[in-house]
Amino acid sequence: MDDLIVIGGSFAGLAGALQLVRARRKVTVIDTGLPRNRFAPHSHGLLGHDHKAPLDILAEARQQLTRYPTLNLVNARATAIAGALDDFSVTLDSGEVLKSRRILLAYGIADQMPDLPGFAECWGQSIVPCPYCDGFEVAGKHWGLLWSGPHAAHAASLFLDWTDHLTIFADGHDIAPEIRADLARRNIELVEGKVTGIAHRDGQISAVTLDGARSVAIDVLFAHPRNRPSANLHEALGIALVENPLGATIKIDDRRETNVPGIYAAGDLANPMASVTLATSQGAMAAIFAQQSMLK
Ligand SMILES: Cc1cc2nc3c(=O)[nH]c(=O)nc-3n(C[C@H](O)[C@H](O)[C@H](O)COP(=O)(O)OP(=O)(O)OC[C@H]3O[C@@H](n4cnc5c(N)ncnc54)[C@H](O)[C@@H]3O)c2cc1C
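For the sequence shown, numbering that gives the first Met the number 0 gives the first residue as 0, with consecutive numbering after it.
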C-alpha cells in the first residue's frame, strides 16, 4: 500500500510527489503525459526554468525524481477511484488496481477549442491565454482579445501594461455600456461582429476574420476558451466543485483537502488562476498536508 497516489504527474503532481518521497513516504504517480501547456514552445515565469520547453522541464523533473527509492512513476491513465480514508483503490486503464492511504488529484484541466478555423492550429503559439506567460515576447505589438464575457474587462485593462495597441473582438457578445465607456476611455478599440476564422501561417496568426467577410490584422490574440477537468474521476466520489466563468474547479479547504476525507487537489484542477509556479507550490503543499494527516 502506498502512502499517496498522485493522479496527474505534471507540475502540481510531481511537486507533491517530490516532497513526500523526500519524507521517505511511498508514492505512486500516475500520468498520461499531456500537460495543459504542451502546445506552447516555451514556458515562462517559473524561477530557474524561464523560457524552457514545458516538456523539457517535466522530463528533467521526472529524471531528478528517479533518485528516490520510494517513488513509483507509472505511465498510465487512472480510470476510477474507490474506497475511503486509509484504504483507497485506483484502477488503471490496464485493469491494474493500486492501493493508497491518501490521494492527490492533479490531473489538470483541458481547454475546449472553439469551432473556429485556424484557432486550434495557433493555440499556444500565437493564440495564448495569459500575458504573464507570453506577453513579454510580444510587448508593444498589436494585441487582440477575444471577448468571452464580463470577466474579460479585467484582462483588457491589465494588457495595457504590455501594449498600447489593443483591439477587442466582441464576437457577438452584448458588452455593457459602462464597459464600453471604460474601453473607450482607455483608447481600446472595440470591433463588433462574430469571429468566423483565424488567418495564420504555420500557427502564426496574421488576422481575425469577422462575419466571413472583413478581417482585422493583429500580431497575437489572447483568448480564454471554456475548460473542463481533464478526467472525471472526482464525479463518482461526489467531490464538490466551484463554478467559475470558464468552467469549474475542485473545491478544497485551506489544507487543500476536498470534501472527501483523504483526497487532496492541486494545480489548475483546483485553481482558476493557471500558472506553473502556483501549480508546483500548491502540489507541494497538498502533499505536505496529506503527509501530516498520516503522522504516527
Ligand atoms: C497555451 C498555454 C500556455 C501556457 N504557458 C504558461 C507559461 O508560460 N507559464 C506558466 O506558468 N503557465 C503557463 N500555462 C499554464 C500551465 O500550463 C498550467 O498552469 C500548468 O500546466 C498546470 O499544471 P498542473 O500540474 O495543474 O496540470 P497539467 O500540467 O495540465 O497536468 C495534468 C497532468 O495530468 C495528466 N492526466 C490527466 N488525466 C489523467 C488521468 N486520468 N490519469 C493519469 N494522468 C492524467 C495529464 O496527462 C497531465 O500530465 C499555459 C497554459 C496554456 C494553455
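Note that the Cβ used here is the ideal one computed from N, Cα and C, for glycine as well.
As the structure is a computational prediction, the values presented were derived from the model and not from experiment.
The beta carbon of L84 sits closer than 6 Å to those of P260 and G261, all from its chain and outside the five residues before and after it, given in chain order. As computed with DSSP, T90 is found in a beta bridge with A79 and V96.
Taking the CA atoms as reference points, D210 sits about 58 Å from A22. For S42, the Cβ falls inside the 8 Å cut-off from some heavy atom of ligand 1. For Y106, no beta strand (DSSP E) encloses it, and the DSSP letter there is neither H nor E.
S147 places its beta carbon less than 9 Å from that of D170. Short of 7 Å from the beta carbon of E120, and not among the five residues preceding or following it, lie these beta carbons of its own chain, in chain order: H199 and G202. Contact between the segment 212-231 and the segment 105-113 is established, with three or more Cβ pairs separated by less than 8 Å. A straight line joining the alpha-carbon of R24 with that of R101 spans about 11 Å.
Counting other Cβ atoms within 10 Å of its Cβ, N74 stays below 16 and is therefore classed as exposed.
Just measuring C-alpha positions, the residue of M293, E136 and D218 sitting nearest H43 is E136. Out of E191, Y106 and F158, the CA that lies nearest to the CA of S214 is found in E191. With respect to G246, G7 sits apart: the two C-beta atoms are not nearer than 9 Å. Annotation: the continuous beta strand (DSSP E) that includes I167 extends over L165 to F168.
Put simply, the segment 275-293 touches the segment 90-106. At least three CB pairs are less than 8 Å apart. Boundaries of the alpha helix (DSSP H) harbouring A14: F10 to R21, taken from the DSSP string.
For N36, the secondary structure class from DSSP, reduced to helix, strand or coil, is helix. In the structure shown, the three-state DSSP call for D267 is helix. Note on V28: 16 or more other CB atoms within 10 angstroms of its CB, so buried under the neighbour-count rule. For I4, the pairing in a beta bridge is given by DSSP as T27 and I102. The residues V5, L103, A105, A265, G282, A283, A285 and A286, in chain order, have a CB closer than 7 Å to that of G15 in the same chain once the five nearest residues on each side in sequence are set aside.
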